[in-house]
Amino acid sequence: MGRKAPLAVTHSTSNQTPSTKELDEGEEMLHEACRTFLERAKLRRQREMARLNQQMQLFDSGLEQLQPVQAAESIISTSTPTIDTSSSDSQRAVFDFEHASESRDQLPHLMVGANHQRRLQARLYKHFDDLQEAYLEHHAVADDKREAFRRFADDVRNMDQFARLESVCRLRYGDLYNNNSIVSSIELDPEENRFATAGVSKQIRVYDYNTVLSRGRQGAEIHLPILTMDCPSKISCLAWNPVQGHQLASSDNHGSVRVWDVNAGTPITVFQEHERRVWSVDVNRQNPVLLASGSDDRQVKIWSTRIPQHSVYTMTGPANVCCVRFNESDGNYVAFGSADHHIHYYDLRKPNKEVWTFRGHEKAVSYVQFLSGHELLSASTDGTLRVWRVDQQNAHRAFAGHCNERNFVGLARRDANFFVTGSEDNAVYVYYKGLTAPLLRGACDTEAAVPQPVVAAGQAGAEPASRGFVSAVSWRRTDDALLVANSEGTLLVYQLHHE
Numbered sequence: 001m002g003r004k005a006p007l008a009v010t011h012s013t014s015n016q017t018p019s020t021k022e023l024d025e026g027e028e029m030l031h032e033a034c035r036t037f038l039e040r041a042k043l044r045r046q047r048e049m050a051r052l053n054q055q056m057q058l059f060d061s062g063l064e065q066l067q068p069v070q071a072a073e074s075i076i077s078t079s080t081p082t083i084d085t086s087s088s089d090s091q092r093a094v095f096d097f098e099h100a101s102e103s104r105d106q107l108p109h110l111m112v113g114a115n116h117q118r119r120l121q122a123r124l125y126k127h128f129d130d131l132q133e134a135y136l137e138h139h140a141v142a143d144d145k146r147e148a149f150r151r152f153a154d155d156v157r158n159m160d161q162f163a164r165l166e167s168v169c170r171l172r173y174g175d176l177y178n179n180n181s182i183v184s185s186i187e188l189d190p191e192e193n194r195f196a197t198a199g200v201s202k203q204i205r206v207y208d209y210n211t212v213l214s215r216g217r218q219g220a221e222i223h224l225p226i227l228t229m230d231c232p233s234k235i236s237c238l239a240w241n242p243v244q245g246h247q248l249a250s251s252d253n254h255g256s257v258r259v260w261d262v263n264a265g266t267p268i269t270v271f272q273e274h275e276r277r278v279w280s281v282d283v284n285r286q287n288p289v290l291l292a293s294g295s296d297d298r299q300v301k302i303w304s305t306r307i308p309q310h311s312v313y314t315m316t317g318p319a320n321v322c323c324v325r326f327n328e329s330d331g332n333y334v335a336f337g338s339a340d341h342h343i344h345y346y347d348l349r350k351p352n353k354e355v356w357t358f359r360g361h362e363k364a365v366s367y368v369q370f371l372s373g374h375e376l377l378s379a380s381t382d383g384t385l386r387v388w389r390v391d392q393q394n395a396h397r398a399f400a401g402h403c404n405e406r407n408f409v410g411l412a413r414r415d416a417n418f419f420v421t422g423s424e425d426n427a428v429y430v431y432y433k434g435l436t437a438p439l440l441r442g443a444c445d446t447e448a449a450v451p452q453p454v455v456a457a458g459q460a461g462a463e464p465a466s467r468g469f470v471s472a473v474s475w476r477r478t479d480d481a482l483l484v485a486n487s488e489g490t491l492l493v494y495q496l497h498h499e
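Following the UniProt record's numbering, the numbering of the sequence shown begins with 1 at its first residue and continues without gaps.
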């Protein structure tokens, strides 16, 4: 019996080895794919080079506009100390007094200027990316290069507006170990002579600002209010009437909105339609008989002190309403922030139809403020602030640097450019609208001596406080002072210094 032959391979040789034609087609496809990739990569780089060349031209244009200034500075350079900026450390400045002609009496003035120069230089480097984007953005929207450069110069000037924060006064609002001392709202009256505080203590306390400041500078921490008004429930928000300065509105956890006569210390009107806690109340600047309130019942109600029996409008949102604000330049419009992460914008003349929904925050919107008639500022527990144009649905800029994940930490503005927010690291942060990072940070350390200088944001020593969080803030525009309350029952007054 013969040996079996090995099994024959059934595939043909042509199937086993690609033909020359197939190899050529494969190589051609490979080469075509590589060619397509390289052409696209080259095109992208060409576009990037064109963009960079355009930006370089814009930077050169700015330098050309500065040449007359540099020429003027060179004339007086022999009579002023020089600054060596060759070091990579942006905060280092070496002064050449050997060639300075000033007398010894002028040296303190020179040191002030030198410190200012160091601070400005440090901030320029700290906010370098922001400033670069701002410069290019101004050139993209301005009518001409000179106007774009002027706007950029305004950004640098505003960035340098405030040098530091100093805590000048401290008020003990309650027992350090008693949670009932948390302040939910601080509001200055229209003349900024008095301020009202309220919170979980179920009391509205009104203080004379100058008296508190004077006694605080002398070291006093216990200050008696000029008026105390008792409420049946915890108070969430306060709002002064901008025209009738003796009237103060409040909202509370029982769903009530009250209007108080501060001179008499008694409520004038009580509005009761909300079914759940009211988080926010505001008074219309254009028509101060109107009030707005926002509640956990998902409703925003518009009230009139002339019709105390019932609300005049009701707008229902998709989720709990955390904050509400009238447009200060056009009282027909109202914005409210919600637990659905959005801001809803309504025209009271058409209350059944929403004008805009501003989307961008990732968590509940806790505060809204109007920087101007066309710009809206919002705060969220996603840890960001955002500025929106009321005629657009996208945020113009987002701001980050403070800590906010779960609490109401306060939000206040100085004007269309500067605003302040509290933080869950027991600190307060000052922002400028043109920069995404904070300008200044002040730690609310309850054990610190008063007065206490507070370092600028980003400098060594700006460490988070040990515990607690800021719960309310207010900006006194008369003298650029900040009123800040935290969860430990401490109310501090900070002074913003220009130098």
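Ideal Cβ positions, reconstructed from N, Cα and C, are used throughout, including at glycine.
Boundaries (first-last residue) of the alpha helix (DSSP H) holding residue i
i, result
"Asn210", "209-217"
"Ala472", "Not the alpha helix (DSSP H): Ala472 falls in the beta strand (DSSP E), residues 470-476."
Where residue i falls: helix, strand or coil (DSSP)
i, result
"Glu166", "strand"
"Asp130", "helix"
"Tyr416", "As written in the sequence, residue 416 is Ala, which differs from the Tyr given in the question. Correct three-state label for Ala416: coil."
"Ser181", "helix"
"Gln161", "coil"
"Val493", "strand"
"Lys4", "The predicted position of Lys4 is uncertain, since its pLDDT is 46 and thus under 50; a value taken from the coordinates is nonetheless stated next. Residue state, collapsed to three classes: coil."
"Phe408", "coil"
"His116", "helix"
"Ala41", "helix"
"Ala122", "helix"
"Thr80", "Only weak support is given to the placement of Thr80: the predicted model assigns it a pLDDT of 40, under 50, and the question is left unresolved by the model."
"Leu188", "strand"
"Pro451", "At Pro451 the pLDDT is 39, less than 50, meaning the model places this residue with poor confidence; the figure from the coordinates comes in the next sentence. Reduced to three states, the DSSP call for Pro451 is coil."
"Glu354", "strand"
"Arg104", "Low confidence applies here, because Arg104 scores a pLDDT of 38, under 50, leaving its location unreliable; read the following figure in that light. Three-state DSSP puts Arg104 in a helix."
"Arg272", "Strictly speaking, residue 272 in this sequence is Gln, with Arg absent from that position. Of the three classes helix, strand and coil, the one that applies to Gln272 here is strand, per DSSP."
"Tyr346", "strand"
Nonlocal neighbours in the same chain, by C-beta distance under 8 Å from residue i, ignoring five residues either side
i, result
"Asp261", "His246, Gln247, Pro267, Ile268"
"Tyr333", "Phe326, Asn327, Tyr345, Tyr346, Asp347, Leu348, Val355, Val390"
"Asn53", "none"
"residue 516", "Residue 516 is absent from the model: the chain starts at 1 and stops at 499."
Distance, residue j Cα to residue i Cα
i, j, result
"Thr357", "His396", "14 Å"
"Ala72", "Asp144", "Residue placement at Ala72 is flagged as unreliable, the pLDDT there being 46, under the threshold of 50; the coordinate-derived value follows with that caveat. Cα to Cα, the separation comes out at about 25 Å."
"Gly383", "Tyr432", "17 Å"
"Gly468", "Asp230", "26 Å"
"Leu171", "Met315", "39 Å"
"Asn486", "Ser471", "5 Å"
"Phe408", "Leu224", "26 Å"
"Ala249", "Val283", "8 Å"
"Gln57", "Arg51", "10 Å"
"Tyr135", "Lys126", "15 Å"
"Val420", "Arg40", "47 Å"
"Tyr207", "Ser185", "13 Å"
"Thr381", "Arg406", "6 Å"
"Val387", "Asp415", "13 Å"
"Asp130", "Asp155", "10 Å"
"Arg477", "Leu188", "10 Å"
"Ala198", "Phe152", "41 Å"
"Asn404", "Glu424", "6 Å"
"Leu38", "Gln46", "12 Å"
"Ser372", "Arg35", "54 Å"
Where the beta strand (DSSP E) containing residue i begins and where it ends
i, result
"Val484", "481-486"
"Ile302", "299-304"
"Asp230", "227-230"
"Ala398", "395-400"
"Gly442", "440-443"
"Ser280", "278-283"
"Ser295", "290-295"
"Gly199", "194-199"
"Tyr432", "427-432"
Contact set for residue i: own chain, Cβ-Cβ below 6 Å, skip 5 residues either direction
i, result
"Asn287", "Gly331"
"Trp303", "Phe271, Leu291, Ser311"
"Asn263", "His246"
Sequence-distant residues of its chain with Cβ nearer than 7 Å to residue i (five each side left out)
i, result
"Leu120", "Asp160"
"Ser295", "Gly255, His274, Arg276, Arg277, Val278, Trp279, Val321"
"Glu191", "Gly245"
"Asn417", "Asn158, Tyr432, Lys433"
"Arg217", "Val168, Cys169"
"Arg194", "Val206, Tyr207, Asp208, Tyr209"
Within the segment 311-342, note down every full beta strand (DSSP E) run reaching 3 residues or more, in order along the chain. 313-316, 321-326, 333-338
Going residue by residue through the UniProt repeat "WD" (235-270), where are the continuous beta strand (DSSP E) segments of at least 3 residues, counting only ones entirely within it? 235-240, 247-252, 256-261
List, from N- to C-terminal side, the beta strand (DSSP E) runs of 3 residues or more that fit wholly inside the UniProt repeat "WD" (358-398). 365-372, 375-380, 384-389
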